[in-house]
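Peer 1: Under our numbering, the residues of the sequence shown are numbered 304 to 780, in order.
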Amino acid sequence: MDQSLTSAAGLALQGTFHRMIELSRAEPAPTLQQRLDRLSRLRALLKDNEKRFEQAISADFGHRCTIETTIAETLGLLGDIKHTSKHLKRWMAPRKVATQLQFMPGKNRLLPQPLGVVGVIAPWNYPLQLTLAPAIGALAAGNRVMIKPSELSPNFAALLRETIAAKFDATEMVVTGIEDGIAEAFAALPFDHLMFTGSTRVGRIVASVAGRNLTPVTLELGGKSPTIIDRSADLDEVAPRIAYAKLMNAGQTCIAPDYVLVPHDSLDELTGKISGAMQRMYGSDPANPDYTSIIADHHYARLQSLVEDAAAHGAKLLQPAAADDAAWKSKRKFPPTLVLGATPDMKIMQEEIFGPLLPILGYGTPAEAIAFINGRDRPLALYWFGKDDAARDEVLARTVSGGVTINDCLVHFAQANQPMGGVGPSGSGAYHGEWGFNTFTKLKPVFYRSPYNRFADLQPPYGGKIARVIKMMRLMS
Ligand code: NAD
Numbered sequence: 304m305d306q307s308l309t310s311a312a313g314l315a316l317q318g319t320f321h322r323m324i325e326l327s328r329a330e331p332a333p334t335l336q337q338r339l340d341r342l343s344r345l346r347a348l349l350k351d352n353e354k355r356f357e358q359a360i361s362a363d364f365g366h367r368c369t370i371e372t373t374i375a376e377t378l379g380l381l382g383d384i385k386h387t388s389k390h391l392k393r394w395m396a397p398r399k400v401a402t403q404l405q406f407m408p409g410k411n412r413l414l415p416q417p418l419g420v421v422g423v424i425a426p427w428n429y430p431l432q433l434t435l436a437p438a439i440g441a442l443a444a445g446n447r448v449m450i451k452p453s454e455l456s457p458n459f460a461a462l463l464r465e466t467i468a469a470k471f472d473a474t475e476m477v478v479t480g481i482e483d484g485i486a487e488a489f490a491a492l493p494f495d496h497l498m499f500t501g502s503t504r505v506g507r508i509v510a511s512v513a514g515r516n517l518t519p520v521t522l523e524l525g526g527k528s529p530t531i532i533d534r535s536a537d538l539d540e541v542a543p544r545i546a547y548a549k550l551m552n553a554g555q556t557c558i559a560p561d562y563v564l565v566p567h568d569s570l571d572e573l574t575g576k577i578s579g580a581m582q583r584m585y586g587s588d589p590a591n592p593d594y595t596s597i598i599a600d601h602h603y604a605r606l607q608s609l610v611e612d613a614a615a616h617g618a619k620l621l622q623p624a625a626a627d628d629a630a631w632k633s634k635r636k637f638p639p640t641l642v643l644g645a646t647p648d649m650k651i652m653q654e655e656i657f658g659p660l661l662p663i664l665g666y667g668t669p670a671e672a673i674a675f676i677n678g679r680d681r682p683l684a685l686y687w688f689g690k691d692d693a694a695r696d697e698v699l700a701r702t703v704s705g706g707v708t709i710n711d712c713l714v715h716f717a718q719a720n721q722p723m724g725g726v727g728p729s730g731s732g733a734y735h736g737e738w739g740f741n742t743f744t745k746l747k748p749v750f751y752r753s754p755y756n757r758f759a760d761l762q763p764p765y766g767g768k769i770a771r772v773i774k775m776m777r778l779m780s
């Protein structure tokens, strides 16, 4: 037995899992009514505890802007529950599939079927959204759900555990503890599907552990999401949109613009405008309640080391809210920092930033900007600003990323009818809305034979009739 499973918490985890597995096999197909009831309980849980979640999340961050929790977490989830509940009957229905002539009058159908027990491992940056958005898809698809929140969100994790236990039976949905060893033990359970949201580094570990059980995984990972400013862009429009997307949640957003590519001769102008927009939005006071803290001291130190490394290698730093370092640090708030002259040998251009630092780099031709992006890991998101449709389509055609927003940042994430997911090192698989339903569903192909099929003609003894059948099949192939 795996060492990490021998603790009391580990054994309880296994017990919960096995009870869920047994029930999922004994009662594999919850009705539409049962699923709608689960979604409606989730909705009530969110509404009844909205303020408590805001406070718990803020306590974990040190300070989390409550408007951000409302906009980026609660409202998105309520919208997702509404959308899912509205369309669930149609998603659950058998799907018609065409049948080739030679198999008619038999027919094909795809039967959506719950997979069984789904595990969800979540990060701390949007803890409510990233635990419950996967749960919505998994519950709608008729599964039982186990959730493992991040150990960096202890207040949130305790509240989620308490509120889910109050509204759900422990065989429907549970939240595990976050003690040492639980994450590893959780990933090692032979789930019917495992959804992991987190870093690319841990994603590799989780995928390999799940692989031992042949557990299918959806990986929602991170990376460096580029923003291209085309020559045709209106910089006054661009600057506030980038500033907002970068500083929301203090840059601790998986799809935040990681760095900006702008034509060389517009670099100074754009830098000034982004700096001005940041200053207008967030001012210079670290006590500003609209600006969120960095989640933990080690992440603060990591951001400091990115900045110091860039400066040591010759980058120029610009802080729109020039201020007393100690005042910011005491609140674990990191001053927004624009980084000019960043080069590929700097750590800031090698790892995901995940904080309020923004390298702005100049490029010569659009082809150079595309080559820069294609020389790196395929990103989770890509942003393009401009008015030249041909230049836009060239970027869309020649780059591969998890998703794209044109003339803004982040907004593709909020589309109920679009899949959310990365590609390669930024992730695999997708969810949200029907895409989430399908991810947590076995779409089972079924062929219904008709009594009038001529399949008997294919059986031995092969006589003259088989030659006629083969000739006919060749004509159809
Ligand atoms: P992380 O990878 O450190 O942790 C994520 C989760 O994995 C946590 O619950 C953690 O406890 C768990 N974990 C850690 N080690 C584990 C192990 N060995 N086995 C199983 N589970 C383990 O990530 P984080 O710091 O919490 O979150 C930030 C990262 O998440 C960033 O890279 C960000 O881009 C990414 N992210 C991606 C998305 C997306 O939708 N693609 C959304 C949010 C965050």
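Note that beta-carbon positions come from the ideal geometry of N, C-alpha and C, so glycine has one too.
Computed from a predicted model, the values in this text were never measured in an experiment.
In the structure shown, what three-state DSSP assignment does M304 receive?
Peer 2: The sequence position of residue 304 within the sequence shown is 1, counting from 1. In this prediction, M304 has a pLDDT of 39, which is less than 50 and means its spatial position is unreliable; what the coordinates show is noted afterwards. In the structure shown, M304 sits in coil (DSSP, three-state: anything other than H, G, I, E or B).
Peer 1: Can you give me the C-alpha to C-alpha distance between M304 and T518, rounded to a whole angstrom?
Peer 2: Taking the first residue of the sequence shown as position 1, residue 304 is located at position 1. Taking the first residue of the sequence shown as position 1, residue 518 is located at position 215. At M304, the pLDDT of 39 sits below 50, so the modelled position is not reliable and the matter cannot be decided from this model.
Peer 1: Within a Cβ cutoff of 6 Å, which residues of the same chain sit near Q306, ignoring the five residues on either side of it in sequence?
Peer 2: Stepping through the sequence shown from its first residue, residue 306 is reached at position 3. Because the pLDDT of Q306 is 44, which lies under 50, any placement of that residue in the model is unreliable, and the number read from its coordinates should be weighed accordingly. Result list for Q306: empty, nothing under 6 Å.
Peer 1: State the CB to CB distance for the pair I673 and R635, rounded to an integer number of angstroms; the pair is presumed to be in contact (CB under 8 Å).
Peer 2: The residue you call residue 673 lines up with position 370 of the sequence shown. The residue you call residue 635 lines up with position 332 of the sequence shown. Contact flag wrong, Cβ pair sits at about 38 Å.
Peer 1: Please go through the segment 715–768 and give each complete beta strand (DSSP E) segment of 3 or more residues, from N-terminal end onward.
Peer 2: Fully enclosed beta strand (DSSP E) runs of 3 or longer: 744–751.
Peer 1: If you draw a straight line from the C-alpha of W631 to the C-alpha of D588, how long is it?
Peer 2: Numbered from its first residue, the sequence shown carries residue 631 at position 328. Numbered from its first residue, the sequence shown carries residue 588 at position 285. Taking the straight line from one Cα to the other gives about 8 Å.
Peer 1: How many whole angstroms separate the CB atoms of S453 and A425, which I take to be in contact at a CB cut-off of 8 Å?
Peer 2: By one-based count along the sequence shown, residue 453 stands at place 150. By one-based count along the sequence shown, residue 425 stands at place 122. Sure, about 6 Å apart at Cβ, within 8 Å.
Peer 1: In whole angstroms, what separates the C-alpha of D692 from that of I709?
Peer 2: What you label residue 692 is simply residue 389 of the sequence shown in a count that begins at 1. What you label residue 709 is simply residue 406 of the sequence shown in a count that begins at 1. The alpha-carbon atoms of D692 and I709 are separated by roughly 11 Å.
Peer 1: Report yes if the CB atom of H321 is closer than 7 Å to the CB atom of L418, and no otherwise.
Peer 2: Your numbering for residue 321 matches position 18 in the sequence shown. Your numbering for residue 418 matches position 115 in the sequence shown. Cβ distance not < 7 Å, so H321 and L418 don't count as in contact.
Peer 1: Considering T503, what are the terminal residues of the alpha helix (DSSP H) in which it resides?
Peer 2: Walking along the sequence shown from the start, residue 503 turns up at place 200. Here the alpha helix (DSSP H) through T503 covers T503 to R515.
Peer 1: Give me the residue from T530, E487 and A553 with the minimum Cα distance to A542.
Peer 2: In the sequence shown, the residue the question calls residue 542 occupies position 239. Residue T530 is the option with its Cα nearest to A542.
Peer 1: Can I676 and P662 be called in contact, C-beta distance under 7 Å?
Peer 2: Within the sequence shown, numbered from 1, the residue matching residue 676 stands at position 373. Within the sequence shown, numbered from 1, the residue matching residue 662 stands at position 359. No; because the gap between Cβ atoms is not below 7 Å, this pair is not in contact.
Peer 1: Alpha carbons only, please: which of P669, Y734 and Q416 is nearest the one belonging to K745?
Peer 2: The residue you call residue 745 lines up with position 442 of the sequence shown. Answer by Cα proximity: Q416.
Peer 1: How would you write the range of the alpha helix (DSSP H) that Y603 sits in, first residue to last?
Peer 2: Locating residue 603 in the sequence shown gives position 300, where the first residue counts as 1. Its alpha helix (DSSP H) spans residues D600 to A615.
Peer 1: Taking any heavy atom of ligand 1 as the mark, which residues have a C-beta closer than 6 Å to it, listed down the chain?
Peer 2: That query returns the following residues: I424, A425, P426, W427, N428, L433, K451, S453, E454, A486, E487, A490, T500, G501, S502, V505, I508, V509, E523, L524, G525, C557, E655, F657, L683, G725 and G730.
Peer 1: Can T434 and L316 be called in contact, C-beta distance under 7 Å?
Peer 2: By 1-based counting over the sequence shown, the position of residue 434 is 131. By 1-based counting over the sequence shown, the position of residue 316 is 13. Not a contact, by the Cβ cut-off of 7 Å.
Peer 1: Name, in chain order, the residues that DSSP records as bridge partners for F499.
Peer 2: For this step, residue 499 is matched to residue 196 along the sequence shown. Beta-bridge pairing links F499 to I424 and L522.
Peer 1: If we count the other Cβ atoms within 10 Å of its Cβ and call it buried at 16 or more, is A438 buried or exposed?
Peer 2: As a position in the sequence shown, residue 438 is number 135, starting the count at 1. A438 is buried by the Cβ-count criterion.
Peer 1: Would you give the residue range spanned by the beta strand (DSSP E) that A684 belongs to?
Peer 2: As a position in the sequence shown, residue 684 is number 381, starting the count at 1. Here the beta strand (DSSP E) through A684 covers A684 to F688.
Peer 1: Between G665, A618 and R681, which lies nearest to M649 when the distance is taken from Cα to Cα?
Peer 2: Numbered from 1 along the sequence shown, position 346 holds the residue referred to as residue 649. Of the candidates G665, A618 and R681, the one whose C-alpha sits nearest the C-alpha of M649 is A618.
Peer 1: If contact is defined by three or more beta carbon pairs under 8 Å, each pair taking one atom from either stretch, is the segment 351–359 in contact with the segment 461–479?
Peer 2: At 8 Å Cβ cutoff, the stretches touch.
Peer 1: Could you pull the DSSP bridge partners for T708 from this structure?
Peer 2: As a first step, residue 708 is located in the sequence shown; it is residue number 405 there, counting from the start. In DSSP, T708 forms a bridge with Y686.
Peer 1: Determine contact between the segment 548–565 and the segment 758–773, defined as no fewer than three beta-carbon pairs at a distance below 8 Å.
Peer 2: Touching, no.
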